[in-house]
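Residue numbers (our numbering): 129 to 410.
All C-beta atoms in this analysis are idealised placements derived from N, C-alpha and C, irrespective of residue type, glycine included.
See below for the structure under consideration.
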Amino acid sequence: MLIAQMTDIHIGFAPGEEPEELNHSRFRATLERLYEAPNRPDMLVLSGDITDRGDLESFAKTAAVLADCPFPVWPMVGNHDSREGLLGAFPQVRADGGFVHYVLEQDGLRIVLLDTFEPGRHGGAFCAARQAWLTARLDESPGTPTLVFMHHPPVVSGIDWMDPDPNEGWVQRFGAAVEGRRNILAIHCGHLHRPLATSFRGVPLHVTPSVAPLVALNLSTVDPGRPDDRDLITTEPPTYALHRWDGLTLASHYESISDWHVLARYTARLQPMIVGMFAERE
Ligand SMILES: [Fe+2]
Ligand SMILES: [Fe+2]
């Protein structure tokens with residue numbers, strides 16, 4: 129099974145941009161690659177910040193771009209979204225106790241999609257109700273391999289202005305829900321607009337880079353009282369993730385959408401190399 133993940137699309141950041149909003153073009157280019165690539169996913173997870181302002185028009189634009197998508201789309205809310213907008217544009221998802229969180233099961237894998245949104249907050253949120261919901265979902269099937277998607281990474285990346293404080297209540301509550309759950313194979317996030325690989329309470333945690341422009345890589349501390357002219361946002365290319373589950377291993381791949389070219393193909397000339405590599409497997 130292949131699960132594609134696209135995150136932080138931010139449709140509606142600059143709706144008047146001509147001839148087309150940059151974020152819209154980046155979104156379409158990434159989707160087109162997914163459609164044409166040899167790896168047709170079984171589903172597409174949109175892990176939040178689908179829109180920039182959570183307005184109905186931006187959600188409607190997003191849904192229109194996805195209208196011909198040949199595989200199921202599973203959306204999540206980010207801090208830039210609104211639950212009403214998301215639920216209106218994606219009728220395949222329903223609210224549960226006021227939150228947009230749900231579980232999918234396919235090919236022996238449980239996929240838990242969380243809601244870390246709190247209106248008015250840039251950072252994450254995970255209240256006692258959501259902690260109880262996640263704990264109950266994980267208790268339902270403690271032996272089943274499980275993949276967790278959440279918009280906000282509950283970790284310190286070193287990109288100071290984007291990071292939570294590790295002592296924030298929502299991080300602690302999420303930590304308490306996942307602590308010691310050895311069946312959680314990985315946590316995949318968005319929000320940071322940069323690739324990141326780390327772990328949280330012993331569980332591998334990765335961030336998929338954004339479809340919208342990326343956050344600049346600068347790991348020096350930020351003084352909120354003194355603008356230092358550092359780079360904040362860059363035109364690094366959009367990237368999507370492809371999470372491959374074969375029943376044993378969850379392997380996550382990343383591909384960026386830019387003007388790269390193929391330099392070698394599997395032709396008869398290169399066949400001896402390929403044959404040799406297979407022969408080594410014995
Ligand atoms: Fe974002
Ligand atoms: Fe975000």
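#1: In this structure, what does DSSP give as the bridge partners for Pro-332?
#2: In chain order, what residues place their C-beta within less than 7 angstroms of a heavy atom belonging to ligand 1?
#3: Checking the sheet assignment: what are the DSSP bridge partners for Trp-202?
#4: Can you determine whether any heavy atom of ligand 2 sits closer than 8 angstroms to the C-beta of His-250, and answer yes or no?
#5: Go to Phe-187, then tell me how far its alpha helix (DSSP H) extends in each direction, as first and last residue.
#6: Considering only C-alpha positions, which residue in the set Ser-210, Gln-220, Met-129, Trp-289 is nearest to Asp-359?
#7: Given a cut-off of 9 angstroms on the beta-carbon distance, is the pair Thr-244 and Gly-182 in contact?
#8: How about the stretch 136-154 and the stretch 178-196: do they share at least three Cβ pairs that are nearer than 8 angstroms?
#9: By how many angstroms is the C-alpha of Met-405 removed from the C-alpha of Glu-148?
#10: Buried or exposed: which applies to Ser-338, given that a residue is buried once 16 or more other Cβ atoms fall within 10 Å of its Cβ?
#11: Less than 9 angstroms between the beta carbons of Leu-266 and Ile-315, yes or no?
#12: With Leu-159 and Val-193 assumed to form a contact (beta carbons below 8 angstroms), what rounded beta-carbon distance in angstroms separates them?
#13: Quick one: give me the first and last residue of the alpha helix (DSSP H) that Met-134 is part of.
#14: Can you name the start and end residues of the alpha helix (DSSP H) that Ser-153 belongs to?
#15: Assuming Glu-383 is part of the beta strand (DSSP E), what are its boundary residues?
#16: In chain order, what residues of the same chain lie with their CB nearer than 7 angstroms to the CB of Pro-294, ignoring the 5 residues before and after it?
#17: Nearest-angstrom Cα distance between Phe-277 and Arg-397?
#18: Between Tyr-382 and Thr-363, how many whole angstroms is the CB-CB distance? I'm expecting something under 8 angstroms.
#19: Determine the DSSP secondary structure at Ile-239, reduced to helix, strand or coil.
#20: Measuring CA to CA, which of Ala-132, Pro-270, Leu-391, Arg-238 is closest to Arg-168?
#21: DSSP three-state call for Glu-233: helix, strand or coil?
#22: In terms of DSSP beta bridges, what is Trp-373 paired with?
#23: Less than 9 angstroms between the C-beta atoms of Leu-130 and Asp-180, yes or no?
#24: Within 8 angstroms, do at least three Cβ pairs link the stretch 266-275 to the stretch 331-351?
#25: Could you please give the first and the last residue of the uninterrupted alpha helix (DSSP H) stretch that includes Ala-340?
#26: With distances taken between CB atoms, is the gap from His-389 to Ala-379 smaller than 9 angstroms?
#27: Determine the direct distance from the alpha carbon of Asp-357 to that of Asp-351, and round the result to whole angstroms.
#28: When you measure from the CB of His-334 to every non-hydrogen atom of ligand 2, does any distance come out below 8 angstroms?
On the basis of the coordinates in this document:
#1: Partner(s): Ser-327.
#2: The set, ordered by position in the chain, is Asp-136, His-138, Asp-177, Gly-206, His-208, Gly-318, His-319, His-321, Ser-338, Ala-340.
#3: Partner(s): Val-173.
#4: Here the distance from the Cβ of His-250 to the nearest heavy atom of ligand 2 is below 8 angstroms.
#5: Counting along the chain, the alpha helix (DSSP H) containing Phe-187 begins and ends at 184-193.
#6: Cα-wise, what sits closest to Asp-359 is Trp-289.
#7: No, they are not a contact pair.
#8: Contact annotation: the stretch 136-154 touches the stretch 178-196, with at least three C-beta pairs closer than 8 angstroms.
#9: Their Cα atoms are separated by approximately 46 angstroms.
#10: Counting the other Cβ atoms within 10 Å of the Cβ of Ser-338 gives 16 or more, which makes it buried.
#11: Taking the C-beta atoms as reference points, Ile-315 is found no nearer than 9 angstroms to Leu-266.
#12: Between Leu-159 and Val-193 a beta carbon distance of about 7 angstroms is seen, short of the 8 angstroms cut, so the two are scored as contacting.
#13: Careful: Met-134 lies outside any alpha helix (DSSP H), inside the beta strand (DSSP E) at 130-134.
#14: For Ser-153, the uninterrupted alpha helix (DSSP H) run begins and ends at 150-164, by DSSP.
#15: Its beta strand (DSSP E) spans residues 378-384.
#16: Around Pro-294: Val-284.
#17: Distance between the alpha carbons of Phe-277 and Arg-397: 43 angstroms.
#18: That pair is no contact at about 18 angstroms.
#19: The three-state reading of DSSP puts Ile-239 in strand, counting E and B together.
#20: Residue Ala-132 is the option with its Cα nearest to Arg-168.
#21: In the structure shown, Glu-233 sits in a strand (DSSP, three-state: E or B).
#22: For Trp-373, which the question treats as bridged, DSSP gives the partners Leu-378.
#23: Not closer than 9 angstroms, so no.
#24: No, the stretch 331-351 is not in contact with the stretch 266-275.
#25: Note, Ala-340: premise wrong, no alpha helix (DSSP H); not H, not E.
#26: Not closer than 9 angstroms, so no.
#27: If I take the Cα positions, the gap works out to 11 angstroms.
#28: For His-334, the shortest C-beta to heavy atom distance toward ligand 2 is 8 angstroms or greater.
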